[in-house]
Ligand SMILES: [Zn+2]
């Protein structure tokens, strides 16, 4: 692979012959850098400051209110920057972050994340989604703030229709989001049906609206948990509509595994959407980190390799083809959802790459090593090395250093 400036300009045997600053990748795995297309950088790392709650989505949203009132731009900026740094170290160079837009935090989350994006512009590309976490009708004033957020430079229109209190309000929420998308000529990335209740069906409202307005290939629906609990007839119908509307599905198993099914006994629902059926139908499915140590999820470290591994467990991904699908879900699939035209290990693409100390993707997934090198736009932006030693007691003195 030959890099010139920020681009890949050649791929193939011998293409880098004679280049002075060549990197020997033999025996290791060169991948395009990961993309995290569904993360909430405004909320990251606040977990220790929150009261405990019942573990549900509603419990988490409520627990964050008090902390959200105290957000400052610098506070959000510092936390977001820390997670962007970690994401880059672990091989992710593009992120698309939801930022709460509501009457509690105003535009502070957006301003903080946009400031972090500027701070990190040399190591990663961060885009923002204006996300009305508290609803649009439930939170009077949020719509005007959404307009202000888009005017201030938020890249994408978010939404959360299932959070409204009745079906008519959900439909209105969807309509309002598409109005904003049309007016500002933006893509949409909405939180859709993040609930166990199979009767909640805003995904179909979103798909119908996208089809009616011709917003094809410009919508991403996140979470979509209730689809798993819905009846098969509805599921087949709405999956067909998603396919026709070119809707991407951002499944976030890492968080939904702990958020959903909290009221269940015995067989506990785990909140993962119908990944197998969406995949079989040909819908673009991606995995997101969603949360890093916030009110929703106590774990997460900006590792899409970890996200792929946990998601593989949740979605029963075990064959070679399944594991390729898991790789696609943290690389090509989010690139499609974000409509990137310069992604991948191919001539002409931006040189966002990572070198993993594993001979294959299944081994990288199993062993979870940090990449030894990460490049963003052709520049080396992170390096890691891990040194471990095992001291065998059966053969005194025998040590085996392992350099990764
Ligand atoms: Zn989310």
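Residue numbers (our numbering): 33 to 436.
Backbone N, C-alpha and C fix where the C-beta goes; we use that ideal spot for every residue, glycine too.
This one's a predicted model, so the numbers in the text were calculated from it and none came from an experiment.
Beta strand (DSSP E) segment containing residue i, residue limits
i, result
"residue 132", "124 to 132"
"residue 163", "157 to 163"
"residue 393", "Not the beta strand (DSSP E): residue 393 falls in the alpha helix (DSSP H), residues 393 to 399."
"residue 376", "Run containing residue 376: none; DSSP gives neither H nor E here."
"residue 64", "61 to 64"
"residue 222", "220 to 224"
"residue 39", "39 to 42"
"residue 385", "385 to 388"
The alpha helix (DSSP H) enclosing residue i, as first and last residue numbers
i, result
"residue 323", "Residue 323 -> no alpha helix (DSSP H), and no H or E assigned at all."
"residue 210", "199 to 216"
"residue 317", "Note, residue 317: premise wrong, no alpha helix (DSSP H); beta strand (DSSP E) at 317 to 319."
"residue 83", "Where residue 83 is concerned, there is no enclosing alpha helix (DSSP H), given that its DSSP letter is neither H nor E."
Minimum C-alpha distance to residue i - residue among the options
i, options, result
"residue 73", "273, 365, 265, 147", "147"
"residue 187", "130, 349, 175, 136", "130"
"residue 282", "273, 322, 249", "322"
"residue 270", "285, 310, 100", "310"
"residue 220", "278, 95, 200, 266", "278"
"residue 406", "52, 36, 61", "61"
"residue 98", "79, 109, 112, 110", "79"
"residue 292", "284, 299, 298, 303", "303"
"residue 108", "127, 85, 55, 75", "75"
"residue 112", "85, 84, 333", "333"
"residue 176", "165, 213, 134", "134"
"residue 126", "420, 421, 415, 382", "382"
"residue 252", "52, 367, 45, 415", "367"
Nonlocal neighbours in the same chain, by C-beta distance under 6 Å from residue i, ignoring five residues either side
i, result
"residue 260", "305, 306"
"residue 87", "294"
"residue 345", "none"
"residue 34", "41, 42, 47, 48"
"residue 436", "Because residue 436 sits at a pLDDT of 47, beneath the cut-off of 50, its placement in the model cannot be relied upon, and the following sentence gives the value as read from the coordinates. Counting only Cβ-Cβ distances below 6 Å, and skipping sequence neighbours, we find 389, 401, 418."
"residue 445", "Beyond the ends of the chain as shown, which are 33 and 436, falls residue 445; an answer cannot be given."
"residue 335", "122"
Beta-carbon proximity list for residue i, same chain, < 8 Å, skipping 5 on both sides
i, result
"residue 105", "140, 143, 144, 147"
"residue 59", "391"
"residue 194", "202, 223, 224, 225, 226, 227, 232, 234, 258"
"residue 117", "152, 155"
"residue 355", "344, 349, 393, 394, 397"
Cβ-Cβ distance between residue i and residue j below 7 Å
i, j, result
"residue 241", "residue 210", "yes"
"residue 403", "residue 137", "no"
"residue 280", "residue 369", "yes"
"residue 408", "residue 373", "no"
"residue 256", "residue 342", "no"
"residue 267", "residue 230", "no"
"residue 90", "residue 120", "no"
"residue 191", "residue 70", "no"
"residue 128", "residue 159", "yes"
"residue 200", "residue 178", "no"
"residue 63", "residue 386", "yes"
7 Å Cβ shell around residue i - same chain, five flanking residues per side excluded
i, result
"residue 114", "77"
"residue 196", "167, 169, 170, 202, 205"
"residue 49", "none"
Checklist entry - How do the segment 357 to 370 and the segment 311 to 320 stand: do at least 3 beta-carbon pairs fall below 8 Å, yes or no? => result yes
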